[in-house]
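Asker: Counting with my numbering, you get residues 28 to 356 for the letters of the sequence shown.
Even for Gly, the Cβ is constructed at its ideal location relative to N, Cα and C.
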Amino acid sequence: MARPLRIEYEGALYHITARGNERKNIFFSKTDYEKFLHYVAEAKKKFGIKLYAYVLMSNHYHLIVETPEANLSKTMQYINGSYTTYVNIKRRRSGHLFQGRYKAIIIDRDNYLLELSRYVHLNPVRAKIVPKPEEYLYSSYKTYISKNGNRIVNESQILEMISDEKGRSKQEYKRFVEAAIGRELDDPHKNVYGGIILGGTVFIKETLRAIKEKLLQKEEIAHSRKLKTGYGMEEIVDYITRLKNIRKEEIIKNKHKELRKLTIYFIKKNTGATNRQIGEYFEGIQASAVSKIVERISKELINNRKLRKEFDKIYRKIIDMSKMSCVEN
Numbered sequence: 028m029a030r031p032l033r034i035e036y037e038g039a040l041y042h043i044t045a046r047g048n049e050r051k052n053i054f055f056s057k058t059d060y061e062k063f064l065h066y067v068a069e070a071k072k073k074f075g076i077k078l079y080a081y082v083l084m085s086n087h088y089h090l091i092v093e094t095p096e097a098n099l100s101k102t103m104q105y106i107n108g109s110y111t112t113y114v115n116i117k118r119r120r121s122g123h124l125f126q127g128r129y130k131a132i133i134i135d136r137d138n139y140l141l142e143l144s145r146y147v148h149l150n151p152v153r154a155k156i157v158p159k160p161e162e163y164l165y166s167s168y169k170t171y172i173s174k175n176g177n178r179i180v181n182e183s184q185i186l187e188m189i190s191d192e193k194g195r196s197k198q199e200y201k202r203f204v205e206a207a208i209g210r211e212l213d214d215p216h217k218n219v220y221g222g223i224i225l226g227g228t229v230f231i232k233e234t235l236r237a238i239k240e241k242l243l244q245k246e247e248i249a250h251s252r253k254l255k256t257g258y259g260m261e262e263i264v265d266y267i268t269r270l271k272n273i274r275k276e277e278i279i280k281n282k283h284k285e286l287r288k289l290t291i292y293f294i295k296k297n298t299g300a301t302n303r304q305i306g307e308y309f310e311g312i313q314a315s316a317v318s319k320i321v322e323r324i325s326k327e328l329i330n331n332r333k334l335r336k337e338f339d340k341i342y343r344k345i346i347d348m349s350k351m352s353c354v355e356n
């Protein structure tokens, strides 16, 4: 099974969950819960994350985290890795503590953050461990309703969604959360799109666009790593014209418009040529026009499947031709 895609960008907000391997416990004592929160606090210092809410259950945990620096993977590698090492040494065990990788859902702040915080804080109540959320020790809920909570929590943003008055917001949040006790509340996660996005229509569209751009960038990087370094314009044009069985003059003089644009894009992404040098090679194209061509092809490759197939085909053939050329030489 393919790993879930990790989307990272500055200011992204996530609901993170991780379960014990085979659903076994990951916390075995009060010290373990405290140690885990210690690693979360250290991650805040190291990676600049914001922690909006948490609940630590015996065999899993929930975190609501924002990453101002687009570094979720590094953050979670540090937290889970450090805690696993701690448990393995303490309990003289080895191997995985967690069941696979953590799960991270991107959250629409405006439409879902407040409701999701309530869902997280009510976990121990739904599990029938305590009748009221404030009675559970390993949760950020007390930070929201009193002055005695854990200082690693950035509660102000969610409290401001309840009330602008600081003194009143804690009381109102307590009412908001506890009003749901004993009621059948909709699980906000039933609206998760594609297993990775929880949000409204506009938010989902914007996030999907970011995902497409990331996938394209990864593909471009993967392709470019396959190509030998030091390619020049002449070599790339030669490969493409041989592939398409046309003369160089035809592509330089714009007799094959779309192929010419793809070639320009290919040269820009795989050589050190400047826009001016590319323009001069293709006989009189302005540097600004080269820039626009590259920008347009970049966007089209995201949305135009037919163009991407053609682009991939050219990449693969050029790689094959370059290998043959190396053998001949």
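1. Have a look at the DSSP bridge pairing and note the partners of residue 39.
2. Count the other CB atoms, across all protein chains shown, that sit within 10 Å of the CB of residue 158; report buried if there are 16 or more and exposed otherwise.
3. Smallest Cα separation from residue 128: which of 104, 319 and 273?
4. Is residue 148 helix, strand or coil when you go by DSSP?
5. In three-state DSSP terms, what is residue 28?
6. Tell me which residues share the same chain as residue 188 and place their Cβ nearer than 6 Å to its Cβ, disregarding the 5 neighbours each side in the sequence.
7. Quick check on DSSP: helix, strand or coil for residue 157?
8. Do residue 81 and residue 144 have their C-beta atoms closer together than 8 Å?
9. Counting only beta-carbon separations shorter than 8 Å, does residue 329 have a partner in chain C?
10. Put residue 315 into one of helix, strand or coil per three-state DSSP.
11. Return the CA-CA distance between residue 77 and residue 55, expressed in angstroms with no decimal places.
12. Quick check on DSSP: helix, strand or coil for residue 216?
13. Could you name the residues of the same chain whose beta carbon sits closer than 6 Å to that of residue 270, not counting the 5 residues immediately before and after it, in chain order?
14. With three or more beta-carbon pairs closer than 8 Å as the criterion, would you say the region 38-45 touches the region 86-106?
15. Can you say whether residue 315 is buried or exposed, counting buried as having 16 or more other CB atoms within 10 angstroms of its CB?
16. Determine the direct distance from the alpha carbon of residue 280 to that of residue 325, and round the result to whole angstroms.
17. Quick one: any contact between the region 61-72 and the region 122-139, if contact means 3 or more CB pairs under 8 Å?
18. By DSSP, does residue 273 sit in helix, in strand, or in coil?
19. What residue does the alpha helix (DSSP H) around residue 200 start on, and which one ends it?
20. Based on the DSSP secondary-structure assignment, which residues constitute the bridge partners of residue 77?
21. List the whole-angstrom C-beta distance separating residue 340 from residue 320, where the pair is believed to meet the contact cut-off of C-beta under 8 Å.
22. Do residue 267 and residue 290 have their C-beta atoms closer together than 8 Å?
23. Looking at the unbroken alpha helix (DSSP H) that takes in residue 288, where does it start and where does it end?
24. Of the residues 334, 336 and 305, which one's Cα is nearest the Cα of residue 260?
25. Check whether the Cβ atoms of residue 37 and residue 96 lie closer than 8 Å to each other.
26. Put residue 47 into one of helix, strand or coil per three-state DSSP.
27. For residue 7, which three-state DSSP category applies?
28. Look at the Cβ atom of residue 208, then the Cβ atom of residue 147, and state whether they are nearer than 8 Å.
29. Please report the distance separating the alpha-carbon of residue 46 from that of residue 342.
30. Assign residue 213 to one of two classes, buried (16 or more other C-beta atoms within 10 Å of its C-beta) or exposed (fewer than that).
31. Do residue 204 and residue 160 have their beta-carbon atoms positioned less than 8 Å apart in this structure?
32. Rounded to a whole number of angstroms, what is the C-alpha to C-alpha distance between residue 226 and residue 136?
33. Taking 8 Å as the threshold (C-beta atoms), are residue 100 and residue 33 in contact?
34. Between the Cα of residue 221 and those of 62, 134 and 333, spot the shortest distance and give me the residue it belongs to.
35. In chain order, what residues of the same chain lie with their CB nearer than 7 Å to the CB of residue 334, ignoring the 5 residues before and after it?
Answerer: Quick look at the numbers:
1. When DSSP reads this structure, residue 39 sits in a beta bridge with 94.
2. exposed
3. Taking only the C-alpha atoms, the option nearest residue 128 is 104.
4. helix
5. Caution is warranted here: a pLDDT of 40 is assigned to residue 28, below 50, making its placement in the model unreliable, and no coordinate value can be reported.
6. 141
7. coil
8. no
9. Judged by its chain identifiers, the structure shown contains no chain C, having just a single protein chain.
10. helix
11. 26 Å
12. Assignment of residue 216 by DSSP, reduced to helix, strand and coil, places it in the helix class.
13. 344
14. yes
15. exposed
16. 22 Å
17. The region 61-72 vs the region 122-139: no contact.
18. coil
19. 193-205
20. 93
21. No, residue 340 and residue 320 are not in contact; Cβ-Cβ is about 20 Å, not under 8 Å.
22. yes
23. 284-297
24. 305
25. yes
26. DSSP, reduced to helix, strand and coil, places residue 47 within a strand of the structure shown.
27. Residue 7 lies beyond the range of the chain shown here (28 to 356); nothing can be said about it.
28. no
29. If you take the alpha carbons of residue 46 and residue 342, they lie about 41 Å apart.
30. By the C-beta density criterion, residue 213 is exposed, having fewer than 16 other C-beta atoms within 10 angstroms.
31. yes
32. So the two alpha carbons sit approximately 8 Å from each other.
33. yes
34. When only C-alpha atoms are compared, the closest one is 134.
35. 327 and 328
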